[in-house]
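Asker: Residue numbers (the UniProt record's numbering), protein chains in the order written: chain A, 1 to 226; chain B, 1 to 226. One structure, as structure tokens, below. Some questions next.
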DNA sequence: AAGAACCGGAGGAGATGCCTCGACTTATTT
DNA sequence: AAATAAGTCGAGGCATCTCCTCCGGTTCTT
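Here it is as structure tokens:
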């Protein structure tokens, strides 16, 4: 309550030990949320940082704020990746490189997966960051399609599905085979390639981004009766 | 305690109303576990059946028993599908047909997904049923590979991964786009096809079935500290 | 009509998760 | 070195959730 998350200009600086602890909290949060997902407790984070729960709650009013503080910068990183990928000359390399990079990030960080693929937490900054990266991604897709390398019936809204699939494999097998997601992604990317002799068309062509948005709202929502 | 799940020969038949309620319970369980997964409560099942909780607990000693009673027969169905697929003359049609059928079943039934992809519940009958269908699946894979239609670096242990991926999409988008999993499966199957000019080999070739078994043990396990 | 079998759903027992509070410790200032 | 503002700690309150039991009342069967 009395303390902002970001070091605002008006707020006096933290005491040295407090600042040190603040960093420990963020590091531990990254570790704990990355491994156990956003369901992890602030008690867990505190314990992992070797601090008391009270200390964490003094610095961050609640879990939401801590999560938001952690992830906003990482989402910027992803947006930058998309822009950098647009600099790559070969359209297929650009697209595939971006996909590999983002899926790799997701595979290491369950919390990131959950925040990228869900809206159910209601962080404004996060939603904005996600919206901001759509144009670059759209360009990546369209460029690779124009070059005849990415199959034409793919759409930017397929990327969340790709992340969902690889992410679920990472979650499933991460404990025993941490790189197995690569196998699945390779398979998917071979399916994304434009093959001259391919007969099949993908079903469900009406896939629109706002359908995915709706899915993001319902996913991981506290269970509703019915 | 006093009542078995299966109608044993020695047990006297249920009273007519009790038998009717027993069926209602099983129907509701199928519905509820199918929609909300194995985390659903027996209270939910009872309420959905228009019965009291006590009635359910009188018939089934606990959740495990009810779940096992529900799913053993469905697992037999899947095993039968594999055997029937082996009757199909074209090896690719046989393999792809089997995959579509099973993924379709999974997509409709979250409980089935969870029980097929996890060992964490410890039902013996279920484990046996799963083991029994391995040979037929192996044959399906090898036959399609021998015919040069299925890419050669695929392995029976990839099927659980396929189910995991499509299942996660079904869970993700099921509320808003119930058929979207078909799109993803089509993509994956195009990736599975043996393409003559394909350069890439799948990474993680050491994938063995027992690695998947281990994953099944850890997945959906109650969270452990650390 | 009598007795056995059955039904219902409040609520006990136990987990779990979020967060507060007040006694205690440490840094900073003068 | 003393004063004081800032920070720390973790037991525990409150709320929620799930599994399951219990027993007064109901329904079936003979």
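Think of the CB as a built atom: it goes at the ideal place given N, C-alpha and C, for glycine as much as any other residue. Just so you know, these numbers come straight off a predicted model, no measurement behind them.
Taking CB distances under 8 angstroms as the criterion, tell me whether residue 92 of chain B reaches chain A.
Answerer: Not closer than 8 angstroms to any Cβ of chain A, the Cβ of residue 92 of chain B fails to qualify, so no.
Asker: Using a Cβ-Cβ cutoff of 7 angstroms, what residues of the region 195-209 of chain B are near chain A? List them in chain order.
Answerer: Here the close residues are 195, 198, 200, 202, 203, 204, 207.
Asker: Which same chain residues, not among the five before or five after residue 144 of chain B, have their C-beta less than 6 angstroms away from its C-beta?
Answerer: Cβ neighbours of residue 144 of chain B beyond the five flanking positions: 91, 92, 95, 150.
Asker: Go to residue 21 of chain B, then tell me how far its alpha helix (DSSP H) extends in each direction, as first and last residue.
Answerer: Residues 16-36.
Asker: Tell me which residues of the region 158-184 of chain A have at least one Cβ-Cβ distance to chain B shorter than 7 angstroms, keeping chain order.
Answerer: Against chain B - using a Cβ distance shorter than 7 angstroms - the residues of the region 158-184 of chain A are 161, 164, 165, 168, 169, 172, 173, 175, 176, 177, 179, 180, 182, 183, 184.
Asker: With a cut-off of 8 angstroms, does the C-beta of residue 218 of chain A fall near any C-beta of chain B?
Answerer: True, the Cβ-Cβ gap to chain B drops below 8 angstroms.
Asker: Excluding the 5 residues flanking residue 137 of chain A on each side, which residues of the same chain have their C-beta closer than 6 angstroms to its C-beta?
Answerer: Correct list, in chain order: 82, 156.
Asker: Spell out whether any CB of chain B is found under 8 angstroms from the CB atom of residue 120 of chain A.
Answerer: No, residue 120 of chain A lies away from the interface with chain B (no Cβ there is under 8 angstroms from its Cβ).
Asker: For residue 114 of chain B, count neighbouring C-beta atoms within 10 Å of its own C-beta (all shown protein chains included) and say buried if the count is 16 or more, exposed if not.
Answerer: Per the 10 Å Cβ criterion, buried.
Asker: Who are the neighbours of residue 43 of chain A on chain B, taking C-beta pairs under 7 angstroms?
Answerer: None at all; the shortest Cβ gap to chain B is about 10 angstroms.
Asker: Assign residue 21 of chain A to one of two classes, buried (16 or more other C-beta atoms within 10 Å of its C-beta) or exposed (fewer than that).
Answerer: So residue 21 of chain A ends up on the buried side.
Asker: With distances taken from CA atoms, which of A:158, A:160, A:183, A:159 is nearest residue 169 of chain A?
Answerer: Among A:158, A:160, A:183, A:159, the Cα nearest to that of residue 169 of chain A is on A:183.
Asker: May I ask which residues mark the beginning and end of the alpha helix (DSSP H) holding residue 207 of chain B?
Answerer: First-last for residue 207 of chain B: undefined, no H or E at that position.
Asker: Can you give the Cα-Cα distance for residue 111 of chain B and residue 120 of chain A, rounded to whole angstroms?
Answerer: Near 23 angstroms, if we compare the C-alpha coordinates of residue 120 of chain A and residue 111 of chain B.
Asker: Are the CB atoms of residue 76 of chain A and residue 129 of chain A within a distance shorter than 8 angstroms?
Answerer: Yes, the pair counts as a contact, with Cβ atoms nearer than the cut-off.
Asker: Taking residue 187 of chain A and residue 204 of chain B to be in contact with their CB atoms under 8 angstroms, please state how far apart those CB atoms are, rounded to whole angstroms.
Answerer: Residue 187 of chain A to residue 204 of chain B, Cβ: 11 angstroms. No contact.
Asker: Whole alpha helix (DSSP H) runs in the region 58-124 of chain A with 4 or more residues, listed along the chain?
Answerer: Complete alpha helix (DSSP H) runs here, min 4: 63-87, 91-108, 110-117.
Asker: By the three-class DSSP mapping on this structure, what secondary structure does residue 159 of chain A have?
Answerer: Correct three-state label for residue 159 of chain A: helix.
Asker: Beta-carbon of residue 191 of chain B versus every beta-carbon of chain A: anything under 8 angstroms?
Answerer: Residue 191 of chain B counts as touching chain A.
Asker: Residue 188 of chain A versus chain B: which residues are under 7 angstroms apart at the beta carbon?
Answerer: In chain order: 187, 188, 191.
Asker: Sort A:87, A:78, A:15 by Cα distance to residue 131 of chain A and report the nearest one.
Answerer: Taking only the C-alpha atoms, the option nearest residue 131 of chain A is A:78.
Asker: What residues are listed by DSSP as bridge partners for residue 150 of chain B?
Answerer: B:193.
Asker: Tell me the rounded alpha-carbon separation between residue 198 of chain A and residue 24 of chain B.
Answerer: Near 48 angstroms, if we compare the C-alpha coordinates of residue 24 of chain B and residue 198 of chain A.
Asker: Leaving out five residues before and five after residue 167 of chain A in sequence, what residues of the same chain have Cβ atoms less than 6 angstroms from its Cβ?
Answerer: Excluding sequence neighbours, residue 167 of chain A sits near 106, 113.
Asker: Out of A:208, A:58, A:71, state which residue places its alpha-carbon closest to the alpha-carbon of residue 124 of chain A.
Answerer: It is A:71 whose Cα lies nearest to the Cα of residue 124 of chain A.
Asker: Please list the partners that residue 211 of chain B has in chain A, where partner means a Cβ-to-Cβ separation under 9 angstroms.
Answerer: Ordered by position in chain A, the residues that pass the 9 angstroms Cβ test against residue 211 of chain B are 173, 176, 177, 180.
Asker: Within 8 angstroms (strictly less), CB to CB, does residue 214 of chain A reach chain B?
Answerer: By this cut-off, residue 214 of chain A is an interface position.
Asker: Closer than 7 angstroms by C-beta to residue 171 of chain A: which residues in its own chain qualify, once you throw out the five before and the five after it? Chain order, please.
Answerer: Correct list, in chain order: 110.
Asker: Does the separation of the CB atoms of residue 46 of chain A and residue 55 of chain A fall below 8 angstroms?
Answerer: Cβ distance < 8 angstroms, so residue 46 of chain A and residue 55 of chain A count as in contact.
Asker: In chain order, what residues of the same chain have a beta carbon less than 7 angstroms from the beta carbon of residue 173 of chain A, not counting five sequence neighbours either side?
Answerer: Cβ within range, chain order: 180.
Asker: With DSSP collapsed to three states, give me the class of residue 44 of chain B.
Answerer: Three-state DSSP puts residue 44 of chain B in a helix.
Asker: Go ahead and label residue 118 of chain B buried or exposed: buried means 16 or more other beta carbons lie within 10 angstroms of its beta carbon, across all protein chains shown.
Answerer: Flag for residue 118 of chain B reads buried.
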